[in-house]
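*Asks:* Numbering (this note's numbering), first residue to last: 82 to 498.
Yeah, the Cβ is synthetic: ideal placement off N, Cα and C, and Gly gets one too.
Since this is a predicted model, take the numbers as computed values, not measurements.
Please find one structure pasted underneath; my questions will follow.
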């Protein structure tokens, strides 16, 4: 009783007035049980929605009911329709006003909305897609909506996205892609009581209109030629007939896989990754000079000049770092592809920055999860993150007209009419 008295003493005048009005309302409604309170809430929700809808229609039409003097539209009210709205307090019948032209698109209660919880669910999915932890989501929903939710509820809500995600993964694709970037990132997933490191294979394509799209994300045990063949066959089964150029980070087994599925595709290994691998064990005092000599290789005007520069590099550095030139020569077939093409096309394909930037954003979203409970939970989060990231992927590259003209020359026999 003492605590209750102290709590009442700290009430503001506004709070006291509000409490008095609530007591009056409860008395007037003859509320005597929780069922009565829930019925009152349902009536309150219906009243709030109906008043809001009437106000919205009035704003849209520009005149109030029966205020024909101020009417400046050939549209008008056209009665009401009944809508059942699901709420946590039970079903609520709401009377929705209509207009003759069916142009009324209310904000407070969307045309396709059948549940008040839809807004909360949309917010939960949005927060989840940005990498917020379930604890943070719980706190935000509680603060904004006054609703308590659990980890299980968040999982259930976000699981609703899985059928849509799997449909996206199987959607038809373009017949031809100018460039496809492929990479794999790794996550820890629980599997049969153990924590397993799994690879997520990602493909980003640029079509012949210069538009970028994530073609798919596949979860596998580890990087291998067999799984890359599965990925590439998935693209083929979804309608991809040809890929002009594939850009990768010298992925394990990739060359063999793409030659089996798309034998005409040119392969370009990422130069930036090759440089990183080359500089990994170089002494700091040698780094600047060594990288300058390598720049003469990858920055050469053509392939013969590049090979001459690689010979010079070998003369300078093989005694101290013999494995560097060996690695460049061993991978030269796929490192030198870009020399075939003009500068605009070279800039597009000689690094995998396109997919690396996407992967960085995925990691930023998923960093709060050290281990995923299932493959589905990992795929769900990656899909939601992907949809959020790709909202900004609008339009095509500014230099695409030049690149397309170059593609039309170098892939003339494979370019559609």
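Would you say residue 330 and residue 264 are within 8 Å of each other, going by their C-beta atoms?
*Replies:* For this step, residue 330 is matched to residue 249 along the chain shown. For this step, residue 264 is matched to residue 183 along the chain shown. Cβ distance < 8 Å, so residue 330 and residue 264 count as in contact.
*Asks:* Going by alpha carbons, who is nearest to residue 336 out of 389, 421, 306?
*Replies:* In the chain shown, counting from the first residue as 1, residue 336 sits at position 255. Minimum Cα distance to residue 336 is reached at 306.
*Asks:* As a quick exercise: from 275, 261, 278, 495, pick the residue whose alpha carbon is nearest that of residue 285.
*Replies:* Indexing the chain shown from 1 puts residue 285 at position 204. Ranking 275, 261, 278, 495 by Cα distance to residue 285 puts 261 first.
*Asks:* Scan the segment 258-326 and note each continuous beta strand (DSSP E) run of 3 residues or more that stays entirely inside, going in chain order.
*Replies:* Fully enclosed beta strand (DSSP E) runs of 3 or longer: 275-288, 293-301.
*Asks:* If I follow the unbroken alpha helix (DSSP H) through residue 94, where does it start and stop?
*Replies:* Taking the first residue of the chain shown as 1, we reach residue 94 at position 13. Start and end: 94-109.
*Asks:* Fully enclosed by the segment 359-402, which beta strand (DSSP E) runs are 3 residues long or longer?
*Replies:* none
*Asks:* Mind checking which residues open and close the alpha helix (DSSP H) that includes residue 336?
*Replies:* Locating residue 336 in the chain shown gives position 255, counting from the first residue. Annotation: the continuous alpha helix (DSSP H) that includes residue 336 extends over 335-342.
*Asks:* Where does residue 331 sit, in a helix, a strand or coil, going by DSSP?
*Replies:* Your numbering for residue 331 matches position 250 in the chain shown. Three-state result, residue 331: coil.
*Asks:* Going straight from the alpha carbon of residue 180 to that of residue 127, what length do you get?
*Replies:* For the purposes of this step, residue 180 is taken as residue 99 along the chain shown, with counting starting at 1. For the purposes of this step, residue 127 is taken as residue 46 along the chain shown, with counting starting at 1. Put simply, the backbone Cα of residue 180 is about 20 Å away from that of residue 127.
*Asks:* Helix, strand or coil, according to DSSP, for residue 422 in the structure here?
*Replies:* By one-based count along the chain shown, residue 422 stands at place 341. Coil, per DSSP.
*Asks:* Can you tell me whether DSSP reads residue 125 as helix, strand or coil?
*Replies:* Indexing the chain shown from 1 puts residue 125 at position 44. Three-state result, residue 125: helix.
*Asks:* Can you tell me which of the three DSSP states residue 479 falls into?
*Replies:* Taking the first residue of the chain shown as 1, we reach residue 479 at position 398. It is coil, neither helix nor strand.
*Asks:* Give the straight-line distance between the Cα atoms of residue 426 and residue 484, rounded to the nearest whole angstrom.
*Replies:* Position 345 of the chain shown, counting from 1, holds the residue named residue 426. Position 403 of the chain shown, counting from 1, holds the residue named residue 484. Answer to the nearest angstrom: the Cα atoms are 6 Å apart.
*Asks:* Rounded to whole angstroms, how far is the Cβ of residue 296 from the Cβ of residue 254, which I believe are closer than 8 Å?
*Replies:* Numbered from its first residue, the chain shown carries residue 296 at position 215. Numbered from its first residue, the chain shown carries residue 254 at position 173. Correct: roughly 6 Å between the Cβ atoms.
*Asks:* Mapping the DSSP letters down to three states, classify residue 252 as helix, strand or coil.
*Replies:* Counting from 1 along the chain shown, the entry for residue 252 is found at position 171. Coil, per DSSP.
*Asks:* I'd like to know whether the C-beta atoms of residue 154 and residue 142 end up nearer to each other than 8 Å.
*Replies:* The sequence position of residue 154 within the chain shown is 73, counting from 1. The sequence position of residue 142 within the chain shown is 61, counting from 1. Yes.
*Asks:* State the start and end residues of the unbroken beta strand (DSSP E) segment that holds residue 112.
*Replies:* By 1-based counting over the chain shown, the position of residue 112 is 31. No beta strand (DSSP E) holds residue 112; DSSP gives it neither H nor E.
*Asks:* Nearest-angstrom Cα distance between residue 311 and residue 440?
*Replies:* By 1-based counting over the chain shown, the position of residue 311 is 230. By 1-based counting over the chain shown, the position of residue 440 is 359. Spanning the two alpha carbons is a distance of roughly 21 Å.
*Asks:* Taking the alpha carbon of residue 476 as the reference point, which residue from 161, 291, 94 has its own alpha carbon closest?
*Replies:* As a working note, residue 476 is residue 395 in the chain shown. Checking every option, the nearest Cα to that of residue 476 belongs to 291.
*Asks:* My output table needs one value for residue 496: the three-state DSSP class, helix, strand or coil.
*Replies:* Here residue 496 refers to the residue found at position 415 of the chain shown. Of the three classes helix, strand and coil, the one that applies to residue 496 here is coil, per DSSP.
*Asks:* Return the chain-ordered list of same chain residues with a C-beta closer than 6 Å to the C-beta of residue 83, the five sequence neighbours on each side being excluded.
*Replies:* Counted from its first residue, the chain shown places residue 83 at position 2. At residue 83 the pLDDT is 43, less than 50, meaning the model places this residue with poor confidence; the figure from the coordinates comes in the next sentence. Same-chain partners within the cutoff: there are none.
*Asks:* So residue 534 and residue 323 are supposed to be a Cβ contact under 8 Å. How far apart are they, rounded?
*Replies:* Nothing about residue 534 can be read from this structure; the chain reaches only from 82 to 498.
*Asks:* Could you tell me the alpha carbon to alpha carbon distance between residue 98 and residue 160, rounded to whole angstroms?
*Replies:* As a working mapping, residue 98 is identified with position 17 in the chain shown. As a working mapping, residue 160 is identified with position 79 in the chain shown. Going from the Cα of residue 98 to the Cα of residue 160 covers about 38 Å.
*Asks:* Do you know whose CA, among 384, 376, 468, 385, lies nearest residue 394's CA?
*Replies:* Against the chain shown, residue 394 aligns to sequence position 313. Of the residues 384, 376, 468, 385, the one whose Cα lies closest to the Cα of residue 394 is 376.
*Asks:* Tell me the residue span of the beta strand (DSSP E) that contains residue 230.
*Replies:* Walking along the chain shown from the start, residue 230 turns up at place 149. First-last for residue 230: undefined, no H or E at that position.
*Asks:* Please report how far the alpha carbon of residue 403 lies from the alpha carbon of residue 320, in whole angstroms.
*Replies:* As a first step, residue 403 is located in the chain shown; it is residue number 322 there, counting from the start. As a first step, residue 320 is located in the chain shown; it is residue number 239 there, counting from the start. C-alpha separation (whole angstroms): 45 Å.
*Asks:* Helix, strand or coil: which one does DSSP assign to residue 172?
*Replies:* Counting from one through the chain shown, the residue named residue 172 turns up at place 91. Strand.
*Asks:* Is residue 186 helix, strand or coil when you go by DSSP?
*Replies:* Sequence index remark: in the chain shown, residue 186 carries index 105 (1-based). The answer is coil: DSSP assigns residue 186 none of H, G, I, E or B.
*Asks:* Should the segment 207-217 be regarded as contacting the segment 441-452, the criterion being three or more beta carbon pairs within less than 8 Å?
*Replies:* By the criterion of at least three beta-carbon pairs nearer than 8 Å, the segment 207-217 is in contact with the segment 441-452.
*Asks:* Going by DSSP in three states, residue 485 sits in which element: helix, strand or coil?
*Replies:* By one-based count along the chain shown, residue 485 stands at place 404. Three-state result, residue 485: helix.
*Asks:* Which of the three DSSP states is assigned to residue 207 in this structure?
*Replies:* Here the question's residue 207 lines up with position 126 in the chain shown. Reduced to three states, the DSSP call for residue 207 is helix.
*Asks:* Skipping 5 residues on each side, what residues in its chain have a beta carbon closer than 6 Å to that of residue 353?
*Replies:* Position 272 of the chain shown holds residue 353. So the list reads 432, once near-sequence residues are dropped.
*Asks:* Pull up the CB-CB distance for residue 408 and residue 398, whole angstroms please, since I reckon it's below 8 Å.
*Replies:* In the chain shown, residue 408 corresponds to position 327, counting from 1. In the chain shown, residue 398 corresponds to position 317, counting from 1. About 12 Å separates the two Cβ atoms, so there is no contact after all.
*Asks:* What's the C-alpha gap between residue 473 and residue 283?
*Replies:* By one-based count along the chain shown, residue 473 stands at place 392. By one-based count along the chain shown, residue 283 stands at place 202. Answer to the nearest angstrom: the Cα atoms are 18 Å apart.
*Asks:* Please go through the same chain and pick out, in chain order, the residues whose beta-carbon is closer than 6 Å to the beta-carbon of residue 387, but skip the five residues on each side of it.
*Replies:* The sequence position of residue 387 within the chain shown is 306, counting from 1. Same-chain partners within the cutoff: 378, 381.
*Asks:* Work out the CA separation of residue 240 and residue 359 for me, nearest whole Å.
*Replies:* Counting from 1 along the chain shown, the entry for residue 359 is found at position 278. Counting from 1 along the chain shown, the entry for residue 240 is found at position 159. Cα to Cα, the separation comes out at about 44 Å.
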